[in-house]
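Engineer: Got a structure for you, written out below as structure tokens; questions coming shortly.
Numbering (full-length UniProt numbering), first residue to last: 1 to 234.
Below is the structure:
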């Protein structure tokens, strides 16, 4: 039935969830002596099927794929017309603020914007990094960026965004990321080595190190990192 082109796509796609939820309902009857109504079962089938295809949508190759660059020790520029945004969350513990930062550069290494902020109540670094991704994407969309690469040295976050169903503990935050990507013409996520992500790391570290908890968005790069940004540009 799933291969029959005469069957509507939505119906064909729902077949695995029909089988799965019938099985779950069977177990509820046998082991919990409860039974879900047909109406709720049909509703759950549709919702779970739509959520799965939303989270695992196959995007056009030119929109989401670039050769993996995480083996490079130095910062590499994006393709022409694309902004590369390096991000970092400086998480220390669940009881402290986390410093977060992003810096956006073009194909020539010129900095268009950078931003810094502090967040609270992040139980672990994974949550802090995903919140940093959400913040960066929101900011970039607000300033009119349409094609962007998000680069981080925390590769688990990049993996989670690409396969969200394998990270059920963070599914709510990952759904927010996916929703935000729909606002761009092109979004890609890349892993970086820490040496290639040093500028974003230092900006994020300055939040706790220097007590700079006031958020800001600025054009260009921070003056105290000017020399390093210039070297990476060259």
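Backbone N, C-alpha and C fix where the C-beta goes; we use that ideal spot for every residue, glycine too.
The structure presented is a predicted model; accordingly, all values stated were derived computationally and were not measured.
Taking the alpha carbon of residue 124 as the reference point, which residue from 93, 103, 114, 149 has its own alpha carbon closest?
Structural biologist: Here residue 124 refers to the residue found at position 124 when the chain shown is read from its first residue. It is 93.
Engineer: Grouping DSSP H, G and I as helix and E and B as strand, with all else coil, what is residue 189?
Structural biologist: Mapped onto the chain shown, residue 189 falls at position 189. In this structure, residue 189 counts as strand in the three-state DSSP scheme.
Engineer: Inspect the CB distances between the stretch 42–50 and the stretch 74–82 and report whether three or more fall short of 8 angstroms.
Structural biologist: Segments in contact, no.
Engineer: Are three or more beta carbon pairs between the stretch 167–177 and the stretch 96–105 nearer than 8 angstroms?
Structural biologist: The stretch 167–177 is not in contact with the stretch 96–105.
Engineer: Of the residues 143, 192, 97, which one's Cα is nearest the Cα of residue 87?
Structural biologist: Numbered from its first residue, the chain shown carries residue 87 at position 87. Cα-wise, what sits closest to residue 87 is 192.
Engineer: Excluding the five sequence neighbours on either side, which residues of its own chain have a C-beta within less than 6 angstroms of the C-beta of residue 19, listed in chain order?
Structural biologist: Counting from one through the chain shown, the residue named residue 19 turns up at place 19. Excluding residues within five positions, none has a Cβ falling inside 6 angstroms.
Engineer: Report yes if the C-beta distance between residue 180 and residue 138 is below 8 angstroms; otherwise report no.
Structural biologist: Taking the first residue of the chain shown as position 1, residue 180 is located at position 180. Taking the first residue of the chain shown as position 1, residue 138 is located at position 138. Cβ atoms of residue 180 and residue 138: closer than 8 angstroms.
Engineer: Buried or exposed: which applies to residue 29, given that a residue is buried once 16 or more other Cβ atoms fall within 10 Å of its Cβ?
Structural biologist: Locating residue 29 in the chain shown gives position 29, counting from the first residue. Exposed, because fewer than 16 other Cβ atoms sit within 10 Å of the Cβ of residue 29.
Engineer: Return the residue from the list 184, 32, 38 that minimises the CA-CA distance to residue 149.
Structural biologist: As a first step, residue 149 is located in the chain shown; it is residue number 149 there, counting from the start. Residue 184 is the option with its Cα nearest to residue 149.
Engineer: Given a threshold of 16 other Cβ atoms within 10 Å of its Cβ, counted over all protein chains shown, does residue 198 qualify as buried or as exposed?
Structural biologist: Counting from one through the chain shown, the residue named residue 198 turns up at place 198. Classification for residue 198: buried.
Engineer: Using only the alpha-carbon positions, how far apart do residue 14 and residue 6 sit?
Structural biologist: For the purposes of this step, residue 14 is taken as the residue at position 14 of the chain shown. For the purposes of this step, residue 6 is taken as the residue at position 6 of the chain shown. Going by the C-alpha atoms only, they are around 15 angstroms apart.
Engineer: Just to confirm the assignment, what range does the beta strand (DSSP E) spanning residue 115 have?
Structural biologist: For the purposes of this step, residue 115 is taken as residue 115 along the chain shown, with counting starting at 1. Element bounds for residue 115: 111–119.
Engineer: Please go through the same chain and pick out, in chain order, the residues whose beta-carbon is closer than 8 angstroms to the beta-carbon of residue 43, but skip the five residues on each side of it.
Structural biologist: As a first step, residue 43 must be located in the chain shown, where it is residue number 43. Cβ within range, chain order: n/a, list empty.
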